[in-house]
Amino acid sequence: MTEIRASVEDVWRCLTVGRSAWWPEMRFEAVVDSPLVETWVEDGRQGVASGSVTHCVEPHVLGFRWSEDGWDGPLDVEIELVGHGDSTPVRLTESGFSGVGTPDSLPSEHAAGWRYHLARLKSASEARAVDADVS
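Residue numbers (the numbering used here): 171 to 305.
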């Protein structure tokens, strides 16, 4: 869980429409069935993960299903924002690893990736909250 010192509305806005501030390689609309695409370059090669938004309850839950070429199936991700005034705990779960037919290292690689992205979401959301307080 990641604790963000910002309102659930500020975190939701950064998670969805303000995503370019913290994850510019990810594209989607916060609407069920919206296509979702992440692109990156690793070891000089372009990588792509794609899927769609499966669940959206603004401003509390965003879910999506995604996969990469070479996987036998998709992974399911759910991001839950639990607002408590000026603070928002963020819970992220990713499931389905046993069905994707990838190396055993994939769950730990994704966990590290999510820590990185959630730290960036935290920074962007807290900066947005400070900017809103100043206005």
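All residues carry an ideal CB built from backbone N, CA and C; glycine is no exception.
Remember, it's a predicted structure, so these values are computed and weren't measured experimentally.
- In the displayed model, V202 falls within coil according to three-state DSSP, outside both helix and strand.
- In this structure, the straight-line span from the alpha carbon of P229 to that of A176 is close to 13 Å.
- Taking a cut-off of 8 Å for Cβ pairs, the stretch 207–224 and the stretch 252–259 do not touch, as fewer than three such pairs fall below it.
- Annotation note: the stretch 229–276 contains the following uninterrupted beta strand (DSSP E) runs of length 3 or greater, listed N- to C-terminal: 231–238, 245–251 and 258–265.
- When beta bridges are read from the DSSP output, V218 appears opposite T209.
- In the three-state scheme derived from DSSP, where H, G and I count as helix and E and B as strand, V187 is classed as coil.
- Shown here, R175 sits in coil according to DSSP, grouped into three states, outside any helix or strand.
- When the five nearest sequence neighbours on each side are left out, the beta carbons in the same chain lying within less than 8 Å of the beta carbon of S237 are those of A219, S220, G221, G243, P244, L245 and V270, in order along the chain.
- Nearest in C-alpha terms to P277, of all of A299, D256 and F267, is F267.
- Of the other Cβ atoms in all chains shown, 16 or more fall within 10 Å of the Cβ of T258; this residue is therefore buried.
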